[in-house]
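Undergrad: This note's numbering numbers the first residue of the sequence shown as 7 and each following residue consecutively. Even for Gly, the Cβ is constructed at its ideal location relative to N, Cα and C. Would you mind keeping the following structure in view while I ask a few things?
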Amino acid sequence: VFRLLAEIILNRGSRLMIDEIDTGIHFSRFKEFWKVVLTAAKENDVQLFMTTHNEECIKYFKEVLENDLPELKEDVRSISLVENHKTKQVFSFTYSFEEFESNVNLGNEIRG
């Protein structure tokens, strides 16, 4: 987490891309993790592009935005990449927070 926060500060006013953001974070710490990361990104004007395949990580991300940081909901987008198995072409689907929230609540697969 320290390294991630340092990278957010170093990338002030820019963007930061993080593959598998949940790596090394125990599920019991996700809620606090998301509060700290999202608050630090907002305070440092850093646009985060993050990937994860962890369903619990996604659910806590949604929960923190719903309950703890609702002012950030308008800034959030979820992008799912889906490959057509026949053509091998990859399609992207972008969701607003409300669409993302609905997909998670319904149990729809968004991890691609």
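Which same chain residues end up closer than 7 Å to E26 when comparing Cβ atoms and leaving out the 5 residues on each side of it in sequence?
TA: T57 and T58
Undergrad: From what residue to what residue does the beta strand (DSSP E) around I24 run?
TA: R21 to I24
Undergrad: For F106 and K68, which I take to be in contact (beta-carbon distance under 8 Å), what is that distance rounded to the nearest angstrom?
TA: 7 Å
Undergrad: Count the other C-beta atoms from every protein chain shown that fall within 10 angstroms of the C-beta of D28, then say buried if there are 16 or more, exposed otherwise.
TA: D28 is buried by the Cβ-count criterion.
Undergrad: What's the call for F8, buried or exposed, on a 16-neighbour Cβ count within 10 Å?
TA: Answer is exposed; the Cβ neighbour count stays below 16.
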